[in-house]
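In the numbering used here, the protein residues as written are 1 to 401. All C-beta atoms, glycine included, are put in the ideal place defined by N, C-alpha and C.
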Ligand code: SAH
C-alpha cells in the first residue's frame, strides 16, 4: 500500500492517466472509521456486542490494573485506550479502571493518583462526539468521587496504533478492545492483484481462497502485530501492563466458519447484487477486508518472537452474533427499539456500523441500504440453522524490565 499512498498524493481534483486505469486502492488509516454520531446506523447505537466483550474482559482488566497499582503505588497514572471509537463504549473501560483504582485507594487510605487518559483512534474517528461527552464525564467523576479525587486529564490522540503514538516510556497501562483485528492495510499481494484477482467473489479468507491469499493475510497480521508490540514496548514503562481483547478464532484453521462467516455472508449479499446487475463483478473481486482473526498460538508466537512482553493471561471467550440473545443487561438498547428487529437485522446493523466506511468507499454509498437489507435476510436464514458466535481473545501482558 505504501507505493499506492505515494501515488495517491497526486490526488486533488486533477486525475492522472494512471489513476484512470488503476483501480482505487483503500488507504485504511484514512478510510476506516466506525459510523459516527448517534443516528440509526451509528456505532454509538449499534455496539452492544462490543459492550458485552468489554464486560466479559472486565475481571482481567481489573486484575491487571490492581497488580500494577499495588506494585508501584504511583502518584500519577498514564493510561491509553487504543481504538476508542465513539459512543457508550468509549469511556467505559476508562471509567471502570478509575473506579477500581479509586476503590483501592479508599481501602488503603491513600490519596488517589492523578490520571492522564489518552483516547486514541484513527483520524477519521468521530472525536467531536467524544470530546463533547467529556465535560459530563468529568462532572460525574467529581460528583461520585469527591473533591480529593484525581484530577483526571483526558486527551485525544489521532493516529494509527501500528506505529508510535506516545513518547518513550510515558505510559503505565494500555487497553484496547475490539480493534486489533483491523490490519493496517489490505495485504499488498491482494491489492496488487486487482488486475487478476486472487480472491474472486470473496472479500476475506474463505474456504475457496487459494493458499496465497491465506498466506498474504497471515503475513500482514504478523507484520502488524509485531509492529504494534514494538511500538508499545517503547512507550510503556518496564513493569507496565497491557490488556488487549479482539476477535480471534479457537481453531488453527484460518478458513474455519467462526473466523470467516460474517464476511462470507456479506460476500453472498454482494454476489447476489452482481447477478442482478447492481454491483460490478470486478468490484467484489477487488475488495478484500483489512482484517484478521488470529488463533491463540499465532498470537503467542508473535509475542514470544517480539520479546518485549511477558504473557500473563490469554483467554478465549464466545459472544453471540446477536448480543441481545437472552440478555437482560442490554435494556438500554432494548428500549431504543432494536428489540423489535429480527436477529439478522440486529447483526446487520452491528456489522454496518463497523464496515460501512470501507464498503461504502469501495462500492458506493448508494447501495448501502439495499446491501444491508439483503445481508440481514441472509444472516437470519443462516442463524436459523447454525449456532453463531464470535470467538474473542483477551490477553494480559507485562512489559519486561
Ligand atoms: N474500543 C471500542 C471501539 C471498537 S471499534 C469498543 O470496544 O467498543 C474499533 C476501533 O478501532 C474503530 O474506532 C477503529 O477506527 C479503530 N482502529 C482500527 N484500526 C486502528 C488503528 N490502526 N489505529 C487506531 N485505531 C484503529
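- By the criterion of a C-beta distance shorter than 8 Å, residue 319 is surrounded in its chain by 49, 52, 53, 56, 389, 390 and 392, once the five residues flanking it on both sides are discounted.
- With a cut-off of 7 Å, the C-beta of residue 128 is classified as distant from the ligand SAH, since no heavy atom of the ligand falls inside that distance.
- When DSSP states are grouped into helix, strand and coil, residue 74 belongs to the coil group.
- Counting C-beta pairs with one atom in each stretch, the segment 103-110 and the segment 126-144 have fewer than three that are closer than 8 Å, which means they do not touch.
- Look at residue 153 here: in three-state DSSP terms it is strand.
- In this structure, the CA atom of residue 344 is about 10 Å from the CA atom of residue 384.
- The shortest CA-to-CA distance from residue 165 to any of 380, 146, 230 and 293 is the one to 230.
- Residue side-chain check: residue 83 places its Cβ nearer than 7 Å to a non-hydrogen atom of the ligand SAH.
- With a threshold of 16 other beta carbon atoms within 10 Å, residue 381 falls short and is exposed.
- Beta-bridge pairing by DSSP links residue 121 to 158.
- Residue 238: member of the beta strand (DSSP E) spanning 236-248, first to last residue.
- Secondary structure at residue 399: strand, using DSSP grouped into helix, strand and coil.
- Residue 29 has its CB nearer than 7 Å to a heavy atom of the ligand SAH.
- Here the alpha carbon of residue 242 sits roughly 6 Å from the alpha carbon of residue 398.
- Here the distance from the Cβ of residue 390 to the nearest heavy atom of the ligand SAH is not below 7 Å.
- Residue 34 has its Cβ nearer than 7 Å to a heavy atom of the ligand SAH.
- Here the C-alpha atom of residue 65 lies approximately 10 Å from the C-alpha atom of residue 175.
- Shown here for residue 93: same chain residues with a beta carbon closer than 7 Å to its own, the five before and five after excluded, namely 54, 61, 81, 175 and 177 in chain order.
- Not one heavy atom of the ligand SAH lies closer than 7 Å to the C-beta of residue 321.
- Residue state for residue 279 is assigned as coil, using DSSP reduced to three classes.
- Between residue 133 and the set 207, 150, 91 and 109, the nearest pair of CA atoms involves 91.
- Look at residue 122: its beta carbon is less than 7 Å from one of the heavy atoms in the ligand SAH.
- For residue 127, the uninterrupted alpha helix (DSSP H) segment begins and ends at 127-145.
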